[in-house]
């Protein structure tokens, strides 16, 4: 039993012509990958990142052997097909699971980096505020001293004018 790709493709082309589809219609790039994940945000949301990282971490493993349900005869044939295809499917499932695990780990690292960056930025800002407050206090003291000197000089000047 061999698969004739040309025969399948000609059947698909005939169906496309029959249904009147054209090349300017939707392509795969126009269809969102996951309609449920179509929540797009324009600003960083730490809670959303945490939730996504947690989901990826919990669901990174691809299981090629999901439980089968339905008609017992159909389940039997599905099990037989599964046995015949396992040599082909298992390596891809393992590779995808490995990729997903690495992506989950990378996302965790991104989250930790963002947390550390925020803490570092906050500490820097607090240090700058502290330095500016100290500078303002010193400037205020210097200004008060200058005002006292001005008052003393004005009093001295007024005393000399009175003579």
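In this note's numbering, the protein residues as written are 42 to 204.
Beta carbons: idealized from backbone N, C-alpha and C, even for Gly.
Residue i - containing alpha helix (DSSP H), residue span
i	result
residue 47	46 to 60
residue 88	87 to 99
Helix, strand or coil at residue i [DSSP, three-state]
i	result
residue 200	helix
residue 207	The structure shown does not extend to residue 207, since the chain is modelled only from 42 through 204, so no value can be given for it.
residue 83	coil
residue 102	coil
Environment of residue i [buried if 16+ CB atoms lie within 10 Å]
i	result
residue 114	exposed
residue 193	exposed
residue 94	buried
residue 145	buried
residue 52	exposed
residue 84	exposed
residue 72	Low confidence applies here, because residue 72 scores a pLDDT of 49, under 50, leaving its location unreliable and the question unanswered by this model.
Own chain residues within Cβ distance below 7 Å of residue i, not counting five before or after
i	result
residue 187	none
Sequence-distant residues of its chain with Cβ nearer than 6 Å to residue i (five each side left out)
i	result
residue 76	Unreliable placement is indicated for residue 76, whose pLDDT of 49 sits below 50; the coordinate value is still reported in the next sentence. Excluding residues within five positions, none has a Cβ falling inside 6 Å.
Residues of its chain near residue i, where Cβ-Cβ distance is below 8 Å and the 5 sequence neighbours each way are ignored
i	result
residue 102	138, 141 and 142
residue 44	none
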